[in-house]
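Counting the sequence shown from 1 gives a position; the working numbering is that position plus 5.
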Amino acid sequence: ELDVVGSLYLLGAALIGSGVRWGPGVGAVITGGAFFYAIFLNPYPAYHFAHAQDAFPLFLGVLLGVVSMALATVANVTAVLGNYRGAGAQGMPRWMYSVFLGGVCFIGGAAIFAGIAQPPASSAATAGVPTVHLRLSDFSPAQITLPAGAQLHFAADGAVPHVLDYGQWNGKHADTRPSPAGLPTLNDLPVNGASFTIGPFTTPGTYTILCIVHPGMELTIIVTG
Numbered sequence: 006e007l008d009v010v011g012s013l014y015l016l017g018a019a020l021i022g023s024g025v026r027w028g029p030g031v032g033a034v035i036t037g038g039a040f041f042y043a044i045f046l047n048p049y050p051a052y053h054f055a056h057a058q059d060a061f062p063l064f065l066g067v068l069l070g071v072v073s074m075a076l077a078t079v080a081n082v083t084a085v086l087g088n089y090r091g092a093g094a095q096g097m098p099r100w101m102y103s104v105f106l107g108g109v110c111f112i113g114g115a116a117i118f119a120g121i122a123q124p125p126a127s128s129a130a131t132a133g134v135p136t137v138h139l140r141l142s143d144f145s146p147a148q149i150t151l152p153a154g155a156q157l158h159f160a161a162d163g164a165v166p167h168v169l170d171y172g173q174w175n176g177k178h179a180d181t182r183p184s185p186a187g188l189p190t191l192n193d194l195p196v197n198g199a200s201f202t203i204g205p206f207t208t209p210g211t212y213t214i215l216c217i218v219h220p221g222m223e224l225t226i227i228v229t230g
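Here is the structure:
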């Protein structure tokens with residue numbers, strides 16, 4: 006996927022650099038399509054924007070990438086319109102400098118705000134049911150104690166896909182196991198942004214749930230008698 010995206014960007018850059026009048030139009034389609042995908046189809050940018058402090062360096066990268074796509078799309082559209090109006094030789098319009106400056110200020114302001122804003126407190130229970138949050142690539146908390154017979158609520162903090170099973174991570178290998186007796190069945194349970202409740206957990210013991218999509222993502226559940 007990254008190879009395809011990189012090839013498209015190189016194609017757009019080559020057409021723009023060749024001086025073809027419609028070259029920036031191809032660039033606008035590529036950058037505009039990438040922007041649309043990032044905002045409306047890919048769940049990861051939305052998660053980073055809503056939970057910036059979970060992975061702040063990644064948030065900064067996503068922020069820079071999305072704003073750059075938007076600015077590049079505006080610049081390409083402006084260039085192709087100028088080419089067909091005969092204004093291409095005059096260079097970039099003056100107002101574009103204000104647009105770029107606004108983009109830089111937006112990135113800086115968003116980064117500062119996200120860096121100092123306090124993250125919302127995670128709820129420990131939902132309607133009296135113990136709650137674990139499904140974050141980008143981990144559970145919060147990573148360990149929870151339940152009395153026998155209790156249920157467990159999973160709150161999805163975003164539309165990031167997860168697939169849950171019993172088992173543990175062994176390096177980069179997901180060592181999955183059948184659902185233990187007295188515990189709710191998982192069997193590659195898909196999660197795509199929806200919160201849900203499982204249970205009851207009736208057999209005392211210590212159990213581990215993992216997400217087979219994200220290496221190292223584990224939840225330890227201690228069921229007491």
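Ideal placement from N, C-alpha and C gives every residue a C-beta, glycine not left out.
Predicted, not measured: the structure shown is a model, and the values here were computed from it.
Out of curiosity, what's the CA-to-CA distance linking residue 147 and residue 216? The residue given as residue 147 occupies position 142 in the sequence shown. The residue given as residue 216 occupies position 211 in the sequence shown. Going from the Cα of residue 147 to the Cα of residue 216 covers about 12 Å.
Cα-Cα separation between residue 198 and residue 168, rounded to whole angstroms: Residue 198 sits at position 193 when you count from the first residue of the sequence shown. Residue 168 sits at position 163 when you count from the first residue of the sequence shown. Going from the Cα of residue 198 to the Cα of residue 168 covers about 11 Å.
Assess, as a yes-or-no matter, whether the stretch 170-183 is touched by the stretch 149-157 under the definition of 3 or more beta carbon pairs within less than 8 Å. No, they do not touch.
Alpha-carbon spacing of residue 200 relative to residue 159, whole angstroms: Counted from its first residue, the sequence shown places residue 200 at position 195. Counted from its first residue, the sequence shown places residue 159 at position 154. Each residue's Cα considered, the two are about 6 Å apart.
Nearest residue (CA-CA) to residue 48, options 166, 19 and 71: Translated into positions along the sequence shown, residue 48 becomes position 43. Of 166, 19 and 71, the residue nearest in Cα terms is 166.
Between 86, 107, 191 and 62, which lies nearest to residue 30 when the distance is taken from Cα to Cα? Position 25 of the sequence shown holds residue 30. Looking at the Cα atoms, 86 is the closest of the given residues.
Keeping to the same chain, check which residues put their C-beta closer than 7 Å to that of residue 208; ignore five residues upstream and five downstream. For this step, residue 208 is matched to residue 203 along the sequence shown. The residues are 185, 186, 187, 188 and 228.
At least 3 beta-carbon pairs within less than 8 Å: the stretch 33-43 vs the stretch 67-83: In this structure the stretch 33-43 lies against the stretch 67-83, because at least three pairs of beta carbons, one per stretch, are closer than 8 Å.
Rounded to the nearest angstrom, what separates residue 5 and residue 76 at their Cα positions? What the structure shows of the chain is the stretch from 6 to 230, and residue 5 is not part of that stretch, so it cannot be assessed.
Alpha helix (DSSP H) containing residue 112: first to last residue? As a first step, residue 112 must be located in the sequence shown, where it is residue number 107. 99-121 is the extent of the alpha helix (DSSP H) around residue 112.
Quick one: is residue 226 buried, meaning 16 or more other Cβ sit within 10 Å of its Cβ, or exposed? To locate residue 226, count along the sequence shown from 1; it is residue 221. Its Cβ being crowded by 16 or more others within 10 Å, residue 226 is buried.
For residue 15 and residue 170, what's the separation of their Cα atoms in angstroms? Residue 15 sits at position 10 when you count from the first residue of the sequence shown. Residue 170 sits at position 165 when you count from the first residue of the sequence shown. Straight through space, the alpha carbons of residue 170 and residue 15 are spaced by roughly 41 Å.
Give the range of the beta strand (DSSP E) segment to which residue 206 is assigned. Working through the sequence shown from its first residue, we reach residue 206 at position 201. Element bounds for residue 206: 201-206.
For residue 143, which option in 55, 28, 60 and 32 has the closest C-alpha, if you only look at C-alpha atoms? Here residue 143 refers to the residue found at position 138 of the sequence shown. Comparing Cα positions, the closest option is 60.
Would you report the Cα separation of residue 7 and residue 206, rounded to the nearest angstrom? Residue mapping note: residue 7 aligns to position 2 of the sequence shown, counting from 1. Residue mapping note: residue 206 aligns to position 201 of the sequence shown, counting from 1. Residue placement at residue 7 is poorly supported in this model, since its pLDDT is 49, which falls under 50; the coordinates still yield a value, given next. Within the model, the alpha-carbon separation for residue 7 versus residue 206 is close to 42 Å.
Do residue 41 and residue 53 have their C-beta atoms within less than 7 Å of each other? Taking the first residue of the sequence shown as 1, we reach residue 41 at position 36. Taking the first residue of the sequence shown as 1, we reach residue 53 at position 48. With respect to the 7 Å criterion, residue 41 and residue 53 are not classified as neighbours on the basis of their beta carbons.
Tell whether a beta-carbon distance below 7 Å holds between residue 71 and residue 115. Here the question's residue 71 lines up with position 66 in the sequence shown. Here the question's residue 115 lines up with position 110 in the sequence shown. Cβ distance not < 7 Å, so residue 71 and residue 115 don't count as in contact.
Closest to residue 50 by C-alpha separation, out of 100, 164, 103 and 19, would be which residue? To locate residue 50, count along the sequence shown from 1; it is residue 45. Of all alpha-carbon atoms in 100, 164, 103 and 19, the one lying nearest the alpha-carbon of residue 50 is that of 164.
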